[in-house]
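Student: Per the numbering used here, the sequence shown starts with residue 115, numbered consecutively. Quick one: this structure, given as C-alpha cells, is what I'll be asking you about.
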Amino acid sequence: MPTQPDISIQLTDTEQPAARDFIGRKLGEFNHARTGRADAAALDVYVTNPATGEILGGLTGRTSLGLFFIDLFYLPESLRGGGFGSRLLREAEAEAKRRGCARAVLYTISFQAPDFYRKQGYEAFGEVPCEPEGTSRVFMVKVL
C-alpha cells in the first residue's frame, strides 16, 4: 500500500455525526454505482406519549438492497407482554416489504429477546460469544 504522508488516522470514542454522514453517503454512492440501486433509507417506528410527544420506545432500522436491518428495538416494561411489541414489529416489517425487502436481519443478545424474535418467525443463523461470560450475540433472519 502506498504511503500517504498527508493522511492521518484518528481513533475516537465520541460519535462524529458529520463524519458518519459523510462515510454513509460515500458508501451509498459506491453501492449505487455497483448495483444501480439507491434505495437505502431509514425505517424507524417510535412509541410516543400522545399527551406530551415524549418518545417512550420504538424500533430503529434501515432498508437497503432488499434487506431490512433492525438496529435497535426497545419498549418499556409497561408495554411488554401484551402484544404491543409484535404489532410494532409487524408494522415495520410491512413497511419494509412495501419498500421491496425480502428479508429482515437483526442481532440480539442472548439475555435480551431471541425468544421474542423466534415467536415472530425469525431464525438464528449465527451466534458469537461476548461479554459477560456465558452470553452471546445471536444473529437472526426472517423471510418477509
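Backbone N, C-alpha and C define an ideal beta-carbon position, used for all residues, glycine too. Quick caveat: nothing in here was measured; it's all calculated off a predicted structure.
I'd like to check one pair, Phe182 with Thr174: are the Cβ atoms closer than 9 angstroms?
Tutor: No, the Cβ-Cβ distance between Thr174 and Phe182 is not below 9 angstroms.
Student: Going along the chain, which residues of its own chain have a beta-carbon closer than 6 angstroms to the beta-carbon of Gly199, five neighbours each way excluded?
Tutor: Leu189
Student: Given that a residue counts as buried once 16 or more other Cβ atoms are within 10 Å of its Cβ, and exposed if not, what is Cys215?
Tutor: With 16 or more Cβ atoms within 10 Å of its Cβ, Cys215 is classed as buried.
Student: Where does Leu203 sit, in a helix, a strand or coil, going by DSSP?
Tutor: helix
Student: Label Tyr160 either buried or exposed according to how many other C-beta atoms from any shown protein chain fall within 10 Å of its C-beta, with 16 as the threshold for buried.
Tutor: When all chains shown are included, Tyr160 counts as exposed.
Student: Under the rule that 16 or more other beta-carbon atoms within 10 Å means buried, what is Pro164, buried or exposed?
Tutor: So Pro164 counts as exposed.
Student: Check Phe239 in the structure and name its three-state DSSP category.
Tutor: strand
Student: So what does DSSP say about Phe253, is it helix, strand or coil?
Tutor: strand
Student: Bridge partners of Arg176, per DSSP?
Tutor: Ala156 and Phe183
Student: Which residues does DSSP list as the beta-bridge partners of Ala218?
Tutor: Phe182 and Lys256
Student: Would you mind sorting Val252 into buried or exposed? The rule is 16 or more other CB atoms within 10 Å of its CB.
Tutor: buried
Student: Candidates Arg213, Tyr236, Leu258 and Tyr231: which alpha carbon is nearest Ala152's?
Tutor: Arg213
Student: What is the DSSP secondary structure of Ile123, counted as helix, strand or coil?
Tutor: coil
Student: For Glu207, collect the residues of the same chain with a Cβ closer than 8 angstroms to its Cβ; drop the 5 residues on either side in sequence, then sort them by chain order.
Tutor: Phe182, Ala218, Lys256 and Leu258
Student: Please report the distance separating the alpha-carbon of Lys211 from that of Glu247.
Tutor: Distance between Lys211 and Glu247, taken at the CA atoms: about 37 angstroms.
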